[in-house]
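Notes to accompany the following structure.
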Amino acid sequence: MQDKKINCVAIIQARMSSTRLPNKVLSDICGIPLIQHIVNRLKDCKLVDKIVVATSTEKSDDILYEYCHKNLIDSYRGSLKNVLSRFIQVTEKYKPKYVVRVTGDCPLIYPEFIDKQIYILNRDEGDLVKTNFDSSLLCGQGVLSTKTIKKVFEMSNDLEDFEHVGSKFIMKNPEKFKWVGLKLPKSFLKK
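My numbering runs 4 ahead of the 1-based position in the sequence shown.
Below is the structure:
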């Protein structure tokens, strides 16, 4: 893999108002808040230039914003319901070529796999990665081009795309994007 940076920002989408497990992003796991575990793992990515926590402007997220500020983690605050707009705002500020989308409740992301996705997308000038099978390795993370995020933002008005950063639009319109294949080893197969 190459040494030079590709211009990639990791965006962690996080909020305190989860209905199933409120305040989970600051839940203590072995003495460290969940969000910090995610940030620490992203710091192990060699091809990520910047890590940003994208949260909402809701009062319930003040504590998350304050945690980020106190711990020198870059953050952005925007719409609670429109996560896609938060991503757009972060990409407008940092102008990355690629974005690593990470959910704020998935600490077991795999830095080497994230770097591999960034590398092959950049090598092939791709928008998204397509793997040969689903894997739990893909849970809570994914790499996509900033062009993809902007295209979804311009073309979709579906609330699901606002919440899930364009997943529905992308799956319904695969021909609008350049996909790059990534073959996973069988050891990554879901059991």
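Glycine included, C-beta positions come from ideal geometry on N, C-alpha and C.
Pairwise C-alpha distance: isoleucine 92 and lysine 154: Separation of lysine 154 and isoleucine 92 (C-alpha to C-alpha, rounded to the nearest whole angstrom) is 7 Å.
Rounded straight-line distance, which links the Cα of proline 37 to that of lysine 180: 39 Å
Test item: CB-CB of cysteine 12 and valine 104 under 8 Å: yes
Three-way DSSP call (helix, strand, coil) for isoleucine 135 in this model: The sequence as given places threonine at residue 135; isoleucine does not occur at that position. Three-state result, threonine 135: strand.
Residues bridged to leucine 148 [DSSP beta-bridge criterion]: The secondary-structure analysis by DSSP pairs leucine 148 across a beta bridge with Val103 and Leu132.
C-beta atoms of arginine 19 and leucine 84 nearer than 8 Å: yes
Close beta carbons around threonine 135, own chain, < 6 Å, minus the five adjacent residues each side: Leu186 and Leu188
Residue closest to proline 26, alpha-carbon to alpha-carbon, out of Trp183, Asp109 and Gln40: Asp109
Beta strand (DSSP E) runs wholly inside the region 54 to 122, at least 3 long, in chain order: 54 to 60, 78 to 82 and 102 to 107
Methionine 175 at chain C interface by Cβ criterion, 8 Å: Looking at the structure shown, chain C is missing, and only one protein chain is on hand.
Cβ separation of aspartate 128 and valine 52, assumed to be a contact under 8 Å, to the nearest whole Å: Incorrect: roughly 19 Å between the Cβ atoms, too far for contact.
Bridge partner(s) assigned by DSSP for valine 13: Lys54 and Val103
Leucine 68 and threonine 61 closer than 8 Å at C-beta: no
Which residues DSSP lists as bridging glycine 185, in chain order: Lys134
For aspartate 32, the residue or residues it bridges with in DSSP: Among the bridge pairs identified by DSSP, aspartate 32 is matched with Pro37.
Buried or exposed (CB count within 10 angstroms, at least 16 for buried), isoleucine 199: Residue 199 is absent from the structure shown; the chain starts at 5 and stops at 195.
Supposed close pair isoleucine 77, valine 57 - CB separation, criterion 8 Å: 6 Å
Beta-carbon spacing of tyrosine 102, serine 171 below 8 Å: Cβ atoms of tyrosine 102 and serine 171: not closer than 8 Å.
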